[in-house]
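A quick write-up on the structure given underneath.
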Amino acid sequence: MAISQDDMRQLLHRAEAHALMPDHFPVPVRVDGAWWHVPAAAPADGDFEPAAPAAAAEFDRLDAKLTTAHARGAATDMDNPR
1 MAISQDDMRQ LLHRAEAHAL MPDHFPVPVR VDGAWWHVPA AAPADGDFEP
51 AAPAAAAEFD RLDAKLTTAH ARGAATDMDN PR
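To convert, note that position 5 of the sequence shown is 5 in the UniProt record's numbering; the numbers rise steadily by one, no gaps.
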């Protein structure tokens, strides 16, 4: 099973998916609780494939770190209004 990059962009546009790093593409994307990615060995325009359990666990870890960093940055911005 695979998801084309065009279809993944549509899922992201409709907010039916969550990109690990929203300002970049292609990156790992969570759809219905499962991580999808373009494998490193695939061409740059290759399809998204389901992530293996180890990769999915790493994507979860990175997502949590990015969420925490974003929350800290937002809190700092609120503490120091311009």
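We treat Cβ as the ideally placed atom computed from N, Cα and C, and that holds for glycine. Since this is a predicted model, take the numbers as computed values, not measurements.
Which residue or residues does DSSP assign as beta-bridge partners of residue i?
i	result
Glu49	His37
By Cβ distance, which residues of its chain are closer than 8 Å to residue i, with the 5 residues on each side in sequence left out?
i	result
Ala34	Pro50, Ala51, Ala56
Met1	Glu49, Pro50
Please say whether residue j and residue i have beta carbons closer to each other than 8 Å?
i	j	result
Leu62	Leu20	yes
residue 83	Glu16	Any question about residue 83 goes unanswered here, given that the chain covers just 1 to 82.
Val27	Trp36	no
Asp45	Ile3	no
Hey, quick one: how far does the beta strand (DSSP E) through residue i stretch, first residue to last?
i	result
His18	17-19
Arg30	29-31
I'd like the span of the alpha helix (DSSP H) that includes residue i, first residue to last.
i	result
Met8	5-13
CB-CB under 6 Å to residue i, same chain, minus the five flanking residues each way: which ones, in chain order?
i	result
Arg9	none
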